[in-house]
Each structure stands twice: as C-alpha cells, then as structure tokens.
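Peer 1: My questions will all concern the structure given below.
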Amino acid sequence: KKIEELDVTEITIPKDCRLYEFAEKIGKTDGDVIGKLFMLGMMVTKNDFLGDDELEILGEEYGIEVTIKDELEDVNYEETYEDEEIDTTNFVTRPPVVTIMGHVDHGKTSLLDKIRSSRVAASEAGGITQHISAYTITKNNSEITFVDTPGHEAFKAMRVRGAGVTDIIIIVVAADDGVKPQTLEVIKLAQASGAPIIVALNKMDKETAQPDMVKGQMAEHGINPVDWGGDVEFVAVSAKSGEGIDDLLETILLQAEVMELKANPKCPAKAVVIESRLEKGKGPVATVIVKNGTLKKQDSFVCGKTYGRVRLIIDDLGKQKKEVLPGEPAEITGFDEVPLAGDVLVAVDSDKEAKETAQKWKEFLEEREKSKSTKATLEDLQKMILEGELKKLPVIVKADTQGSVEAIKGSLAKLKNEEVKVDVIHSDVGAITEN
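If you count the sequence shown from 1, position 19 lands on 42 in the numbering used here, and the numbers rise without skipping.
Below you can see the structure in the form of structure tokens.
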C-alpha cells in the first residue's frame, strides 16, 4: 500500500517505541527509516525498539522534533507517594533488611536456621529453598529482618527482586568449596544493587576449610576483605556448630548503624511484595516487607495492577497482628488478585482511589504488552512458509507462587531450538483445576 506522505515537524512517542511505530508516526516506510540508520552504521529491523540516541539521530535526519513521553508519569503511584511522604520529623530507626544469597549447597538455609534455630532445611524436598521467606530476630535489643533467596538458576528473577528490597547483602561461601559460577552471579547481583556486602565464610568447622583461598578468589571479583585493606567484612561461621553467628549478627548491626536506616511509622505505608500465592480459603496471599509507614488492618491499598483492603496480617511466627511497622515482614490477605513479586504496595485514602489507580496501571501494562507483540508482514509469513513453518508447543504454566511462575516461564523461554518453540499461552497462580 502507498504510505501517505505526511509533513510532520514534531511528534510525541512513548518510551518503548518500535521502528515500524516510529515510521508510521512520521509517515515514512519501514525501509526508509532502516536505510537511514544503516547509512549511519546501525543494523536494525522493523521490530527493534529504538533507544533515545537513535530517536535523536532520526529526529535530526528528518528535521523532526521528537518528544519522548514516559507513559508511567500519570499512573506512577510510587513516585506520588515519595513526593508526599518526606516528613522527617517522625523518623525512627528501622530494622535492617538483610538478604542472604549464595551457591546452592553452601549452607544458606542451615545458616538461617541456626540464626532462628529452627529445622526447616531437613524437611524440605531435595533441600531446595523454594520460597522467599522473611522473618525478624532480635539481637542486643535491635531487630534484624532476614530474607532468604532461593539459590537456583531459574529463580534469578526472584533473586533480582530480593535484592531490590535489601539494605545489606550477605554472600554465603563455603570455605572448603570456594567461588562457584552461581557465587559469581550472586556477586554481580549484589554489586549491581549497590547495597553493602558482608561475606559469611561457612563450613569453617571442616578440616578442608581454606579461608584464604576463598578470600583470594573473592578479591579477584572486586570483593576485597577488610584485613587485606579492602572494604568488605569477611566473617568466619559454621552453621553446624554455631560458631561465628554472633559475630555475623554484630557485624550486621554495626553496618546498619553506619547506614542510619530511618522510616516514619506515622505515615501511610509503603511495602514491597517478596512473594505471593493463592491459598484455599484465604484467596491471594502476599509476603511483604514494610519500607516506610505502618500498614494496618482495613487499610486500602494499591499494589501494581491489583488493589484491595488489608483483611488479615500474620507475622513470621504465624500469629495475627493489627499492624506492621517499618522493616518488618508479614503475610497479608485482601487482594483482588495475586500481586507480582516485586510489586510495590502503597496505602491510599479510599477503596475508590485504590481501584482507579490499579485500573490505570493495568491499562498501561496491557498497552505495553500489546506494543511488544510484533506485527507480521506478508514477507514474514512467506518466509515462515518457506522454512516449513515453525512448530509451537503450547504450554500452560501454573505454580503455587508468582515467583515460581516467572522463573518457570523464564526457563521455558530459553528452551527453544530450530524445530520447536515453546509458547506459553497462559500462566497463573493457584491449584490445577479441571478448566
């Protein structure tokens, strides 16, 4: 079809914009825009997203003023909250949120169990910690909140989110085993999060322990021990015998003191969802950690594209509570659907406001999904027919928690080969039903 030649001098486009969408806006063909970028040494296809630099270059080439609009501006309830709630008069010290990361068999869960002296590790199937669990302990009259992150490759996405909630990261390395590929991945995540790092050298009770070897390996990757003139504390511990655990807790409290973690318990709450699932009889349940304010029963809230009112608050010991203070974890119910792990929950004035904000957010996300699905042209179809049509394996993913759903979808996406592509047609949280 013939493209109408438009005389365009300025356009406003969303942040995620594909080349064909840009071409449509300025009334040019895809080929024309691709050609322009090709002449400038950039290889792109019509379905590629254009970055700010490319848009600027194209704007100059065509003599068009390009304005990039962040569509989130109108619906970003998180930013609105940040702008309103910076009243420092009521600030109090809040407990640090500590995330424990490390290679699968390096004793993360055993260490956590020793800290809260419960035996969860033994009863877990295959010894894998599947869900982020959070709980608070008290040491020297100060509280510390621990978040356990699952160690498997598939749970990388959850780990990335885990790191987003964190004030301090503990990397557990077995003194007899040293740095493993997964430890490297954890180091990268920890460094990217910008949070202070403490290294726990576990299994120090073994005769084969070589702490200096581990320190050397960690130093190669930019984690330099304090006793070597670096800035990272290395604490020798044994999850088995319990030695060094007090030192570890004291190191955490010292680090927290330096960071001066403050929050205002008197304002509306802001919390982060670290895990969510669907429970029979309760509906959607989420584990949250409150970052600021106090979350109370009956509070209306918006959380990503879901909203609701807090019906039940259950603490890490399984007891019901009326409120959750900053830095504390809790399980809450009252969502209209299962929220995503990593979503930010903000308490608002009314159910009406919560519903409207969530609705806007939902529309925004749906629009973004739509723009991510690409248009196929006649040539594309012809190519697929010539190639003997790609076979698709339609899959429905259901898991008990949102984090697991994401992890499984991520793993399935990597499983493609020349003959077959995995197509996730639907994913959801909950039990498997007839439907």
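Every residue, glycine too, gets a C-beta built ideally from N, C-alpha and C.
1. How is Asn-99 classed by DSSP in three states: helix, strand or coil?
2. Taking all protein chains shown into account, decide if Met-282 is buried (16 or more other Cβ within 10 angstroms of its Cβ) or exposed.
3. With a threshold of 6 Å on Cβ separation, who are the neighbours of Val-443 within its own chain once the five nearest residues in sequence on each side are excluded?
4. Grouping DSSP H, G and I as helix and E and B as strand, with all else coil, what is Ile-455?
5. For Gln-278, collect the residues of the same chain with a Cβ closer than 7 Å to its Cβ; drop the 5 residues on either side in sequence, then sort them by chain order.
6. Reducing DSSP to helix, strand and coil, say where Gln-321 ends up.
7. With 16 as the cutoff for other CB atoms within 10 Å, does Gly-365 come out buried or exposed?
8. Measuring only the C-alpha atoms, how far is Leu-284 from Val-296?
9. Tell me, please, which residues DSSP counts as bridged to His-449.
10. Give every residue of the same chain whose Cβ lies closer than 6 Å to the Cβ of Tyr-462, excluding the five residues on either side of it in the sequence, and list them in chain order.
11. DSSP state of Asn-287, grouped into three classes?
12. Is the stretch 253 to 270 in contact with the stretch 291 to 308, if contact means three or more CB pairs nearer than 8 Å?
13. In three-state terms, what does DSSP make of Glu-230?
14. With Gly-357 and Val-325 assumed to form a contact (beta carbons below 8 Å), what rounded beta-carbon distance in angstroms separates them?
15. Can you check the stretch 361 to 394 for any beta strand (DSSP E) of at least 3 residues that lies completely inside it and give the ranges in chain order?
16. Work out the CA separation of Ser-216 and Asp-39 for me, nearest whole Å.
17. CB-CB under 6 Å to Ser-165, same chain, minus the five flanking residues each way: which ones, in chain order?
18. Cα separation between Asp-212 and Glu-390?
19. Residues in its own chain within less than 6 Å of Lys-19 by CB, not counting five upstream and five downstream?
20. To which residues of the same chain is Lys-59 closer than 6 Å at the C-beta, ignoring the five residues directly before and after it?
21. Which residues in the same chain as Gly-253 place their Cβ atom closer than 6 Å to its Cβ, once the five residues preceding and following it in sequence are excluded?
22. Assign Phe-72 to one of three DSSP states: helix, strand, or coil.
23. Flag this pair as yes or no: are the beta carbons of Pro-234 and Pro-307 separated by less than 8 Å?
Peer 2: The structure says:
1. coil
2. exposed
3. Lys-414, Leu-416
4. coil
5. Ile-191, Pro-219, Ile-221
6. Coil at Gln-321, not helix or strand.
7. buried
8. Rounded to whole angstroms, Leu-284 to Val-296 spans 20 Å at the Cα level.
9. Ile-419
10. Within the shown structure, residues of the chain are numbered from 24 to 458, placing residue 462 beyond reach of any answer.
11. coil
12. Contact between the stretch 253 to 270 and the stretch 291 to 308 is absent: fewer than 3 CB-CB pairs across the two stretches fall below 8 Å.
13. coil
14. Gly-357 to Val-325, Cβ: 12 Å. No contact.
15. Every beta strand (DSSP E) of 3 residues or more that sits fully in the stretch 361 to 394 is shown, in chain order, as 367 to 371.
16. 24 Å
17. Leu-276
18. Note on residue identity: the sequence assigns Leu, not Asp, to residue 212. Looking at the two C-alpha atoms, the distance is approximately 30 Å.
19. Shown here, the chain extends from 24 to 458; a query on residue 19 therefore has no answer.
20. Glu-84
21. Asn-247
22. strand
23. no
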